[in-house]
Amino acid sequence: MLITGGLGFIGSHFVEELAAAGAEVICCYRTWHDAMVRALPVADRVRLVHLDLCDGAETQSAFKYTAPTIDTIVHCAALDGNAAFKAAHPAEILDANLRMTLNVLHSARDQGVEEVVLLSSAEAYAQPDHPGAEREDPPLLTWSQNGYVLSKLVGEVVADLFRRQYEMNVFIARTTNVYGPRDNLHRGTNRVIPTMLDRVRSGQEIEIWGDGSQRRTFLYVTDLVRATLQMIESRKYPTFNVGSGEPVSILDLARTVRVIHEPR
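Below, the structure written as structure tokens:
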């Protein structure tokens, strides 16, 4: 199995889970992360491949080189960040994510890869946070000024077209807000839970926009990985909603983070 973004937050957990289960894993990465590499059983069953997925020719070459040993690709690589980062870079995010998705799908088709999994987002729903597996989907957005959300929406359309024209097995895993070990802690690009943790650890107050009543559904990263792998194995649904089903207010989340880090 090949994992794109394999040294990233979510991708590294796919690599770790698969390698622990005895699978041979190809871990594609663009940026080297020492901490991620140290967390992976690289020497045993993981092969590291440097790859810029925005480069179509490079992606074709890498997939051609690895194709004889892979039957499934899990596409985790994406340009992402917190709300401020997304607001400042909508065109850049859309361009990068669509290029990567198209290059992965074209290269997988050309090399005869049996299955491709794309990670989408519950933000694609017109009414957000609909976790769980449902056979009848709520309506999706038709437009968004958020480049990340729009890239996921268009990515799902592209996946459907590849299914129809090329008869490819393309699966979509729509996730809610993912958190867990090895999440991005870089200020300016990290998401809500890492941001709160960073502020508490540095002795700052947690900043909340509005009254904190807005509710979000969060998903632990290994739960996402295992649910996605089960989706691939079952082959029942081309699109699967993955979430905890337990929405929490931002204010309650901040209180929980604060309590966890209080001196005992």
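For the sequence shown, position 87 matches number 79 in my numbering, and the numbering has no gaps at all. Idealized CB from N, CA, C, for every residue including glycine.
Its Cα nearest to that of T209, the residue G237 stands out among K228, G237, R183, H81. For A165, the uninterrupted beta strand (DSSP E) run begins and ends at 161 to 167, by DSSP.
Contact check for M(-7) and T64: beta-carbon distance about 5 Å, within the 8 Å limit, so the pair qualifies. Only exposed fits R227, as fewer than 16 other CB atoms lie within 10 angstroms of its CB. In the same chain as E107, and ignoring 5 residues on each side of it, the C-beta atoms closer than 6 Å to its own belong to T64, N161, in chain order. Taking 8 Å as the upper bound for CB-CB distance, V146 and T(-4) are not in contact here, some 18 Å apart.
A straight-line Cα-Cα distance of about 12 Å links A83 and R91. The closest CA to that of G202, considering only N89, I242, V7, is found on I242. In the structure shown, the three-state DSSP call for S53 is helix. By the neighbour-count criterion, in which a residue is buried when 16 or more other Cβ atoms sit within 10 angstroms of its Cβ, V141 is buried. Shown here, S194 sits in coil according to DSSP, grouped into three states, outside any helix or strand.
With respect to I18, R37 sits apart: the two C-beta atoms are not nearer than 7 Å. Less than 7 Å divides the Cβ of H5 from the Cβ of V217. Across the set I198, P230, L221, K144, the C-alpha of I198 shows the shortest separation from the C-alpha of T248.
In terms of Cβ geometry, T51 and S99 form a close pair [threshold 7 Å]. According to the DSSP assignment, E148 belongs to the alpha helix (DSSP H) that extends over 139 to 158. Linking T187 to L43 through their CA atoms gives a straight-line distance of about 29 Å. Of the residues assessed, V251 falls on the exposed side of the cut-off, its CB having fewer than 16 other CB atoms within 10 angstroms. Counting only runs of 3 or more residues that sit fully inside the segment 3 to 80, the beta strand (DSSP E) segments are 17 to 21, 38 to 42, 64 to 67, in chain order.
Excluding residues up to 5 positions away in sequence, R101 lie with their Cβ nearer than 6 Å to the Cβ of Y158 in the same chain. In the three-state reduction of the DSSP assignment, S113 falls in the strand class, which pools E and B. Taking C-alpha positions only, V29 is separated from F1 by approximately 12 Å.
Per DSSP, the beta bridge partners of V170 are L211.
In the three-state reduction of the DSSP assignment, N233 falls in the strand class, which pools E and B.
According to the DSSP assignment, L(-1) belongs to no beta strand (DSSP E), since it is labelled neither H nor E. Under DSSP, S241 shares a beta bridge with R207.
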